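Some notes on the structure that comes next.
There are 2 protein chains.
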Amino acid sequence: MAVLDFWYEFASTYSYPAAMKIGESAARRGVAVRWRPFLLGPIFAAQGWSTSPFNLYPAKGRYMWRDMERICAAEGLALNRPDPFPQNSLLAARLTLALDEGARPAFSRAVYEAEFAEGRAIDDPATHSAILARLGHDAPAASVRATEAPVKDALRANVAEAQARGIFGAPSFTTTGGELFWGFDRMEAALDWALRER
Amino acid sequence: MAVLDFWYEFASTYSYPAAMKIGESAARRGVAVRWRPFLLGPIFAAQGWSTSPFNLYPAKGRYMWRDMERICAAEGLALNRPDPFPQNSLLAARLTLALDEGARPAFSRAVYEAEFAEGRAIDDPATHSAILARLGHDAPAASVRATEAPVKDALRANVAEAQARGIFGAPSFTTTGGELFWGFDRMEAALDWALRER
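Chain order of the listed sequences is A and B.
Residues 825 to 1022 (our numbering) make up the first sequence, in order.
Residues 825 to 1022 (our numbering) make up the second sequence, in order.
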């Protein structure tokens, strides 16, 4: 089966429609998706950025929010700007990796909805406890695992692998053959490429 | 008739496939395109950049060239990297504005082909003289007009208008209703939007 790695950052706006839509697009083609949460913070810091480029470059930021409005309207997704933007995504990424691989997509989608559809804070443990409980997980146990070395190491490894693969933004997609695609607008092309590589 | 303004920068890689394809895409929909050459240099300088972000951020630059290879292959366009990159695009932009509006698309496409398909220098007047002559223009006369105040002022006005419209990269597209789209991958969406606004 063709496989595509989906690299997403919970603070990233364009990762939201990607996370909400990649499942159905991939299923339609018969492509398996590996959900790879990572952090852009260390990658941005390495190139001298202390916050999102959408904050550093206001014209780009204004465009991005309008573009997100258009995309979300076209995709049937609600959009409410989280405040502050970007949100601190460390807890969300660790909690994702504290869950079994099969549980990560649904949890990740629920976090994106909380953040970008409902405008809730994703650095607030209460946001995640509610989601975890709703999805049938043991929220306290997952929260403990999220603070332990195996999860922290797994997230660090994802960031290191993202950087090694040349990833500089989110969402990104990598094929087993090493092709990199960046942006929600490249998701379909990435899935097609993965299929052709098989 | 629906109208879309097409903002392009001769040094910009993604402006190349846009320039080569927008004519047929727009004609298919019955959208009129206004070709608006401008310069990104002053806009980049205003946000502290002295060269292309693809040079400032190497991971982004490596990705862009690979992405361009894929796009050009898919669109049936040749691709040869100009050296140096980015090219100085001032002469090309002024020469475009020295021509009648109706002659600008064909001249612009020829310049992009020289630059990105053949890897020729677009700061070299000889490159342009050959193109102008081939397209049936009076090359010496156009070259003189390109150095005169009306053309210089027209280019400055385009840059100022681009900035006022929130443009921060190329290619960009603006509708009469004020919608801004950025990137070759948004060209079809921009044309569709222009059509819906009519």
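We put the beta carbon where it would ideally sit given N, CA and C, even for glycine.
Since the model is a prediction, treat every value here as computed from it, not as a measurement.
Contact list for residue i against chain B, beta-carbon separation under 8 Å
i       : result
G990(A) : A883, R886 and Y887
Identified DSSP bridge partners for residue i
i       : result
W831(B) : R860(B) and S996(B)
V855(A) : A826(A)
Helix, strand or coil at residue i according to DSSP, with G and I counted as helix
i        : result
F1005(A) : strand
A954(B)  : helix
A826(B)  : strand
P949(B)  : helix
A1013(A) : helix
A873(A)  : It is worth fixing the name first, because residue 873(A) is Trp in this sequence and not Ala. Coil, per DSSP.
A789(A)  : Because chain A spans 825 through 1022 in this model, residue 789(A) falls outside it and cannot be assessed.
F909(A)  : coil
D977(A)  : helix
Y838(B)  : coil
E899(B)  : helix
D891(B)  : helix
I867(B)  : helix
G926(A)  : helix
Beta-carbon neighbours of residue i, restricted to chain A and to distances below 9 Å
i        : result
W1006(B) : K884, Y887 and D891
Within chain A, the residues that residue i reaches when beta carbons sit closer than 8 Å
i        : result
D1016(B) : Near D1016(B) there are no residues of chain A at all, since even the closest Cβ is about 10 Å away, more than 8 Å.
Beta-carbon neighbours of residue i, restricted to chain A and to distances below 7 Å
i       : result
D829(B) : Residues of chain A passing the Cβ test: none, with the nearest at roughly 15 Å.
Within chain B, partners of residue i - CB distance below 7 Å
i        : result
Q911(A)  : Per Cβ cutoff of 7 Å: no residues; Q911(A) is ~23 Å from chain B at best.
D1009(A) : D1009
Spatial distance of residue i from residue j (CA atoms)
i       : j        : result
P882(B) : W859(B)  : 31 Å
A856(A) : D977(A)  : 24 Å
R886(B) : P964(A)  : 43 Å
D829(A) : W1006(A) : 12 Å
R890(A) : R958(B)  : 42 Å
D907(A) : A945(A)  : 8 Å
Q871(B) : R969(A)  : 43 Å
E985(A) : G1002(B) : 41 Å
E899(B) : P841(B)  : 8 Å
F862(B) : A916(A)  : 43 Å
P929(A) : F868(A)  : 25 Å
M888(B) : I895(B)  : 10 Å
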